[in-house]
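Student: My questions all concern the structure below.
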Amino acid sequence: MRLIFRLQLVLFFSGWLSDGLFSQQIRFKVYSREQGIMNPFVYSVSQDKNGYLYLATGEDVYRYDGFTFVPVRFQKEELKAYSTRIFNDDRGNLWFGMSNGLVFVWDGKNSRRINLPSGVTSQITEILADKTGIKWVVTQQNGIFGVTENGQVIRCDSVLPGRILTSALYTTNNNLLIAANDGIYLFTPSGNSRCPEQRGKIENFPETHVNKLIQLQTSQTILAATDDNGLLQIEADPAGGNSFKVSDFGKSFGINQQSITSVFEDTEHNIWVAAAGEGVVEILWNQESGKYSGVRHFNTSNGLPVNFIRSFFQDREGQIWMATYGSGVVSFADEALQFYDFSDFTGKSITAVTLRGTELLLAGPKGILVLNKNTLVNRLFIPAGTKGLPADRITTMFTDRRGIVWVGTAESGCYLFDINAASFRRVWFSGNAVENVINHINGKGDSIFIATNGGLVIVDLNRNTFVLLTMSDGLPYNIIQSIFIDRNEKVWLACASKGIFNLSEHTYRSEGISALIEFSAIAQDTNGNYWAGTLGQGVLCFLPDTLFQVNTTTGLGSNYVYGVASDRDGEIWLGHRMSISRIDPVKKSVKVFDKAYGFTADCNPNALVSDPGGMMWIGTTEGLVGYNLNKEKRTNIAPVLNIVSLRIDDKEYDPTGRIVLPYGTHRVRIEFIGLNFRSPERVFYRYRLNGFDPEWTDAGGNRFVNYNNLRDGKYSFGLIACNDQGDCSETDSFFTIDVRLPLWKQWWFL
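Here it is, written out as structure tokens:
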């Protein structure tokens with residue numbers, strides 16, 4: 066079970082609400098001892114060609130598949146050393162530099178040791194490659210060594226003798242910068258000697274310990290993370306030659322003369338800075354302006370488990386991983402998913418949500434809060450039991466064409482909220498108690514529709530009339546859960562029936578439904594198809610001539626749906642207990658936000674609201690959840706397929722080629738995985754053993770298959786893995802199995 070920490074940005078407001086505050090929370094995934102990392106002091110993180118993640122800790126190297134951390138052994142005897150550096154070469158192999166000067170190359174299954182001279186015993190501080198493919202190993206006190214493609218070692222221990230080497234960088238023009246204890250030195254490729262030639266020292270660079278050198282992706286700028294001079298910038302002199310200009314890069318972003326343990330640039334050009342004892346500073350790149358536009362801070366006061374970060378890594382899916390001192394590794398769950406706590410105002414639970422122009426209205430047990438939807442700055446708060454607002458549970462809110470907010474309650478009927486006057490008045494109350502239970506309110510033009518437990522109330526704003534419709538008037542059921550108005554302004558009712566009910570035409574969309582189904586909410590995608598949530602059957606999509614069902618078997622977060630809404634892009638969102646589901650109608654894929662994303666609350670009924678600007682607002686039992694479509698990162702990267710184990714008759718086989726078995730009946734067990742670190746639990750599989758299976762088999766989330774009766778014949782194993790965004794990997798034939806024919810079937814015997 067992964068631990069979830071929260072990033073809480075506490076904002077204070079001015080004016081008469083200045084005593085109030087709310088917290089915005091971004092949740093991190095933390096992997097440490099509880100998840101199997103026995104030494105939580107992590108030096109570096111990397112990823113191999115097969116998609117596995119690797120962690121170098123103060124004791125072991127671990128391989129991670131999204132579920133389990135497994136120690137990696139480089140040799141049988143105890144090393145009595147730990148890995149300080151991981152380098153990924155052009156073949157996808159990982160190079161591990163050890164604390165005692167050893168170097169191992171790992172191909173995913175086996176390791177080989179690089180035979181550096183026996184006198185090399187100091188820590189490996191960097192491994193890097195030049196443009197010719199030579200790998201260079203930088204040691205702390207024994208110089209540098211090159212390793213050619215055929216494994217030949219180039220001895221350059223005379224480079225910067227007597228100095229402590231802390232970092233190195235090959236620039237885009239193939240120059241080598243080496244950071245030593247007395248400065249940074251410039252080297253260029255040599256002519257006759259294969260060792261790089263020293264060209265000079267960067268002037269004006271302070272004598273400080275350099276922890277990391279990087280070159281920015283879109284320029285010649287070099288950044289140096291230093292021990293006591295902050296984050297420095299090195300730029301080549303425009304006049305040419307070997308002259309460089311050194312300046313304080315971090316000062317403009319509030320990074321002063323402090324210890325910086327690492328610096329990293331992600332694929333979107335944001336710069337991640339690890340400030341020792343102070344957490345992380347993210348310098349944000351603005352794609353439109355082409356400039357750095359601001360910073361974000363992460364530390365123990367707002368979510369990080371520890372303030373000491375050793376290094377950063379970005380995986381193939383775009384996630385940032387932070388190697389920490391003492392708390393394992395940390396990654397973001399989803400930056401677009403945001404959690405807000407307004408409990409000082411509304412109370413913990415947000416029971417109803419509505420939009421009114423630039424305003425966002427939230428209802429909870431303590432009252433109704435009016436916010437600016439862009440800044441979330443408070444405009445108005447009405448406590449329950451004041452200004453005409455009853456001390457009752459608010460179940461729903463709707464803003465009509467006049468800007469008046471209709472408020473439904475659990476027992477007290479329906480009210481109108483005039484925000485400008487900050488007052489409420491009741492407009493619907495019945496002597497029949499069930500008609501005062503308001504489940505949902507919706508409207509179009511001058512018509513307002515109120516769903517109750519005793520029927521549907523239709524309000525004509527022009528005539529100021531209220532008409533109650535029940536089953537005696539042709540409704541399918543008196544308890545109306547919600548009302549949906551489609552793009553053609555047709556009114557649909559969700560209730561217990563054999564289909565969704567079109568009030569405008571008094572017809573059903575049933576598409577062959579014969580049993581009574583409890584429908585809870587309805588939405589429409591960009592193709593005009595209706596999606597109806599149910600209480601127990603998942604969600605049903607009404608296509609022009611058929612019905613399409615999504616439930617937990619096909620990836621839905623729950624079969625009980627308490628709210629449905631369509632976002633700006635036409636995708637369908639559904640609220641459940643302890644999760645949210647998001648369906649892509651085109652790919653028919655389902656993404657679920659659950660405990661893995663820090664979502665632990667229950668969605669309140671009909672409390673999902675879509676903002677055309679790109680926000681989804683969801684009222685839950687633990688506060689407000691927002692999803693910013695403008696911040697989401699869709700990589701469209703499919704899982705990486707791997708055969709984890711192939712056992713035939715209880716014997717392990719190499720699944721990379723052709724396997725020949727003697728005639729007989731064989732038992733086969735195949736274990737596999739599609740590596741995906743955003744949602745490893747939401748990867749779904751299909752497999753087929755050609756020659757045995759007549760068609761592909763849906764395995765759901767299961768990652769193994771058994772065949773107990775494999776007889777003579779030729780077989781090949783195919784596998785498909787899809788993530789929760791519908792991105793799929795497919796391999797038709799991982800391996801082949803040839804079970805020999807019996808003697809009497811051989812052609813030469815006939």
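Residue numbers (our numbering): 66 to 815.
Every residue gets a Cβ at the ideal spot worked out from N, C-alpha and C, and that includes glycine.
Since we're looking at a predicted model, the values are computed, not measured.
Does the beta-carbon distance from Ser-324 to Leu-278 come in below 8 Å?
Tutor: Walking along the sequence shown from the start, residue 324 turns up at place 259. Walking along the sequence shown from the start, residue 278 turns up at place 213. No. Outside cutoff.
Student: Drop a sphere of 10 angstroms on the beta-carbon of Ala-580, count the other beta-carbons inside from all chains shown, and report buried for 16 or more, exposed for fewer.
Tutor: On the sequence shown, position 515 is the one that residue 580 refers to. Exposed, since its Cβ has fewer than 16 Cβ neighbours within 10 Å.
Student: With Asn-671 and Asn-518 assumed to form a contact (beta carbons below 8 Å), what rounded beta-carbon distance in angstroms separates them?
Tutor: Sequence index remark: in the sequence shown, residue 671 carries index 606 (1-based). Sequence index remark: in the sequence shown, residue 518 carries index 453 (1-based). That belief does not hold up - the Cβ atoms of Asn-671 and Asn-518 are roughly 14 Å apart, past 8 Å.
Student: What's the gap between the Cα of Glu-583 and the Cα of Val-371?
Tutor: Counting from one through the sequence shown, the residue named residue 583 turns up at place 518. Counting from one through the sequence shown, the residue named residue 371 turns up at place 306. Rounded to whole angstroms, Glu-583 to Val-371 spans 48 Å at the Cα level.
Student: Using a Cβ distance threshold of 8 Å, determine whether the stretch 127–141 contacts the stretch 421–429, with at least three qualifying pairs required.
Tutor: The answer is no - the stretch 421–429 does not touch the stretch 127–141, with fewer than three Cβ pairs under 8 Å.
Student: What separation, rounded to the nearest whole angstrom, lies between the Cα atoms of Asn-351 and Tyr-357?
Tutor: In the sequence shown, the residue the question calls residue 351 occupies position 286. In the sequence shown, the residue the question calls residue 357 occupies position 292. Each residue's alpha carbon lies about 6 Å from the other.
Student: Would you decide whether Ala-498 is buried or exposed? Buried here means 16 or more other CB atoms lie within 10 Å of its CB.
Tutor: As a first step, residue 498 must be located in the sequence shown, where it is residue number 433. Flag for Ala-498 reads exposed.
Student: Could you give the first and the last residue of the continuous beta strand (DSSP E) run that contains Thr-618?
Tutor: Counting from one through the sequence shown, the residue named residue 618 turns up at place 553. It is not in any beta strand (DSSP E) - Thr-618 carries neither H nor E in the DSSP assignment.
Student: Please report the straight-line C-alpha distance between Lys-114 and Gly-173, rounded to a whole angstrom.
Tutor: Position 49 of the sequence shown holds residue 114. Position 108 of the sequence shown holds residue 173. Taking the straight line from one Cα to the other gives about 8 Å.
Student: Let's test the definition: count the other Cβ atoms within 10 Å of the Cβ of Ser-585 and tell me whether it reaches 16, buried, or not, exposed.
Tutor: As a first step, residue 585 is located in the sequence shown; it is residue number 520 there, counting from the start. Buried, since its Cβ has 16 or more Cβ neighbours within 10 Å.
Student: For Phe-737 and Met-103, what's the separation of their Cα atoms in angstroms?
Tutor: In the sequence shown, the residue the question calls residue 737 occupies position 672. In the sequence shown, the residue the question calls residue 103 occupies position 38. C-alpha separation (whole angstroms): 26 Å.
Student: Is it buried or exposed for Gly-520, if we count other Cβ within 10 angstroms and need 16 for buried?
Tutor: Numbered from 1 along the sequence shown, position 455 holds the residue referred to as residue 520. Buried.
Student: Hey, could you find the ends of the beta strand (DSSP E) Leu-349 is sitting in?
Tutor: As a first step, residue 349 must be located in the sequence shown, where it is residue number 284. Segment 344–351, the beta strand (DSSP E) holding Leu-349.
Student: Start and end of the beta strand (DSSP E) containing Tyr-127?
Tutor: Numbered from its first residue, the sequence shown carries residue 127 at position 62. Start and end: 126–129.
Student: Measuring only the C-alpha atoms, how far is Tyr-692 from Glu-353?
Tutor: As a first step, residue 692 is located in the sequence shown; it is residue number 627 there, counting from the start. As a first step, residue 353 is located in the sequence shown; it is residue number 288 there, counting from the start. Going from the Cα of Tyr-692 to the Cα of Glu-353 covers about 22 Å.
Student: DSSP three-state call for Phe-566: helix, strand or coil?
Tutor: Mapped onto the sequence shown, residue 566 falls at position 501. Here Phe-566 sits in strand by DSSP.
Student: Using the C-alpha atoms, what's the distance from Thr-291 back to Val-185?
Tutor: The residue you call residue 185 lines up with position 120 of the sequence shown. The residue you call residue 291 lines up with position 226 of the sequence shown. If I take the Cα positions, the gap works out to 26 Å.
Student: Check whether the stretch 680–694 and the stretch 627–641 are in contact - that is, three or more C-beta pairs closer than 8 Å.
Tutor: Result yes; three or more Cβ-Cβ pairs closer than 8 Å.
Student: Do Gln-298 and Phe-318 have their C-beta atoms within less than 8 Å of each other?
Tutor: The residue labelled residue 298 in the question sits at position 233 within the sequence shown. The residue labelled residue 318 in the question sits at position 253 within the sequence shown. No, the Cβ-Cβ distance between Gln-298 and Phe-318 is not below 8 Å.
Student: Under a three-way DSSP split, which group does Gln-384 fall into?
Tutor: What you label residue 384 is simply residue 319 of the sequence shown in a count that begins at 1. Looking at Gln-384 - three-state DSSP - the assignment turns out to be coil, as it is neither helix nor strand.
Student: Any chance you could list the beta strand (DSSP E) runs of at least 3 consecutive residues sitting entirely within the stretch 462–524, in chain order?
Tutor: Whole beta strand (DSSP E) segments, 3+ residues: 470–474, 479–483, 488–493, 503–509 and 512–517.
Student: Could you give the distance in angstroms between the alpha-carbon of Gly-422 and the alpha-carbon of Gly-450?
Tutor: Residue numbering aside, residue 422 sits at position 357 when the sequence shown is read from its first letter. Residue numbering aside, residue 450 sits at position 385 when the sequence shown is read from its first letter. So the two alpha carbons sit approximately 26 Å from each other.
Student: Measure the alpha-carbon distance for Phe-800 versus Val-770 and round it to whole angstroms.
Tutor: Residue numbering aside, residue 800 sits at position 735 when the sequence shown is read from its first letter. Residue numbering aside, residue 770 sits at position 705 when the sequence shown is read from its first letter. For Phe-800 and Val-770, the distance between alpha carbons rounds to 15 Å.
Student: Got a sec? Which residues, its chain only, sit under 6 Å from Arg-703 by beta carbon, not counting five neighbours each side?
Tutor: In the sequence shown, counting from the first residue as 1, residue 703 sits at position 638. The sequence shown places Ala at residue 703, not Arg. Within the same chain, Ala-703 has close Cβ partners Asp-792, Cys-793 and Ser-794.
Student: Here's the rule I'm using: 16 or more other beta-carbon atoms within 10 Å means buried, otherwise exposed. How should Pro-727 be labelled?
Tutor: As a working mapping, residue 727 is identified with position 662 in the sequence shown. Classification of Pro-727: exposed, given that the 10 Å Cβ count is below 16.
Student: Pull up the CB-CB distance for Trp-493 and Val-522, whole angstroms please, since I reckon it's below 8 Å.
Tutor: Walking along the sequence shown from the start, residue 493 turns up at place 428. Walking along the sequence shown from the start, residue 522 turns up at place 457. Correct: roughly 6 Å between the Cβ atoms.
Student: From Lys-145 to Ile-645, what distance separates their C-alpha atoms?
Tutor: Here residue 145 is taken as the residue at index 80 of the sequence shown, counted from 1. Here residue 645 is taken as the residue at index 580 of the sequence shown, counted from 1. If you take the alpha carbons of Lys-145 and Ile-645, they lie about 47 Å apart.
Student: Would the beta-carbon of Phe-270 fall within 8 Å of that of Val-311?
Tutor: Against the sequence shown, residue 270 aligns to sequence position 205. Against the sequence shown, residue 311 aligns to sequence position 246. Against a cut-off of 8 Å, the Cβ pair of Val-311 and Phe-270 comes out as a contact.
Student: For the beta strand (DSSP E) holding His-731, just list the boundary residues, first then last.
Tutor: As a first step, residue 731 must be located in the sequence shown, where it is residue number 666. Its beta strand (DSSP E) spans residues 731–740.
Student: Considering only the alpha carbon of each residue, which of Ser-109, Arg-776 and Lys-266 lies closest to Val-328?
Tutor: Counted from its first residue, the sequence shown places residue 328 at position 263. Comparing Cα-Cα distances from Val-328 to each of Ser-109, Arg-776 and Lys-266, the minimum goes to Ser-109.
Student: Measuring alpha carbon to alpha carbon, tell me which of Arg-768, Asp-797 and Ala-764 ends up nearest Tyr-780.
Tutor: The residue you call residue 780 lines up with position 715 of the sequence shown. For Tyr-780, the nearest C-alpha among the options comes from Asp-797.
Student: Looking at Leu-159 and Tyr-119, is the spacing between their C-beta atoms short of 8 Å?
Tutor: Walking along the sequence shown from the start, residue 119 turns up at place 54. Walking along the sequence shown from the start, residue 159 turns up at place 94. Their beta carbons are under 8 Å apart, which means Tyr-119 touches Leu-159 by this criterion.
Student: Can you give the Cα-Cα distance for Ser-495 and Thr-460, rounded to whole angstroms?
Tutor: On the sequence shown, residue 495 is found 430 positions in, with the first residue counted as 1. On the sequence shown, residue 460 is found 395 positions in, with the first residue counted as 1. Cα to Cα, Ser-495 sits roughly 17 Å from Thr-460.
Student: Which residues mark the beginning and the end of the beta strand (DSSP E) in which Ile-544 is found?
Tutor: Residue numbering aside, residue 544 sits at position 479 when the sequence shown is read from its first letter. Note, Ile-544: premise wrong, no beta strand (DSSP E); not H, not E.
Student: Is it right to say Glu-272 is buried, meaning 16 or more other beta carbons lie within 10 angstroms of its own, or is it exposed?
Tutor: Numbered from its first residue, the sequence shown carries residue 272 at position 207. Its Cβ having fewer than 16 others within 10 Å, Glu-272 is exposed.
Student: For Ser-176, which residues does DSSP report across the bridge?
Tutor: Along the sequence shown, read from residue 1 onward, the residue named residue 176 stands at position 111. Note: Ser-176 sits in a beta bridge opposite Trp-171.
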